[in-house]
């Protein structure tokens, strides 16, 4: 992989969530953008919208891989909506596009994204999401999750921080 490429961090979680979780996701998105990462998500509401909003407000780039056939279904903070028509199967694409996955609480779609990431040997960082395996790093805060994600992505890309 090229060290010139920006780290791509997927943020996954519930499409409908509390305001508190949406704000936590915005903190993650902001951190990713401020540290040169690209945010990848499912492009809809809830956690996805919170993370995309945080990234956009920090001047970042956002990619939404949509379950539907329509770019218009993306939330207002998505720069690059990618309609798939694949429904939940698009979860594989969200994970495969990313270098690292940050998981917030969610239902079975989130569970599948975490499992796909583990299967693809991609780092997964959880903020109170499913506890599937010891391979999943548990973060105590959104800031810690985002910091870990960027660290892992930079290692994967071979970025030299000297």
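Residue numbers (the numbering used here): 128 to 289.
Note that beta-carbon positions come from the ideal geometry of N, C-alpha and C, so glycine has one too.
Tell me whether residue i is buried or exposed, calling it buried when 16 or more other Cβ atoms sit within 10 Å of its Cβ.
i, result
"residue 128", "Reliability of the predicted coordinates at residue 128 is poor, the pLDDT of 43 falling under 50, and the value obtained from them is presented with this limitation in mind. That one is exposed."
"residue 258", "exposed"
"residue 182", "buried"
"residue 279", "buried"
"residue 212", "exposed"
"residue 266", "buried"
"residue 214", "exposed"
"residue 230", "buried"
Do residue j and residue i count as a contact pair if the criterion is CB distance below 8 Å?
i, j, result
"residue 156", "residue 166", "yes"
"residue 132", "residue 284", "yes"
"residue 152", "residue 185", "no"
"residue 226", "residue 136", "yes"
"residue 221", "residue 249", "no"
"residue 255", "residue 263", "no"
"residue 139", "residue 233", "yes"
When the Cα atoms are used, what is the spatial distance from residue i to residue j?
i, j, result
"residue 169", "residue 276", "18 Å"
"residue 281", "residue 260", "23 Å"
"residue 228", "residue 195", "22 Å"
"residue 216", "residue 240", "10 Å"
"residue 236", "residue 218", "7 Å"
"residue 270", "residue 242", "23 Å"
"residue 251", "residue 199", "29 Å"
"residue 224", "residue 244", "10 Å"
"residue 197", "residue 203", "14 Å"
"residue 290", "residue 246", "Past the edges of the chain, shown from 128 to 289, lies residue 290, and the structure says nothing about it."
"residue 289", "residue 163", "Confidence at residue 289 is low in this model, with a pLDDT of 47, below 50, so its placement is unreliable and the value that follows should be read with caution. So the two alpha carbons sit approximately 16 Å from each other."
"residue 161", "residue 201", "22 Å"
"residue 273", "residue 154", "8 Å"
"residue 149", "residue 134", "22 Å"
Check the DSSP bridge columns for residue i and list the partner residues they point to.
i, result
"residue 195", "Partner(s): none; residue 195 has no beta bridge."
"residue 227", "136"
"residue 253", "230, 265"
"residue 190", "167, 207"
Worksheet item: Are three or more beta carbon pairs between the segment 173-192 and the segment 138-150 nearer than 8 Å?
Response: In short, these stretches touch, since the Cβ pair count reaches three.
Fill in: the segment 176-191 in contact with the segment 203-217 per 3-pair CB rule at 8 Å
They touch, by the three-pair rule.
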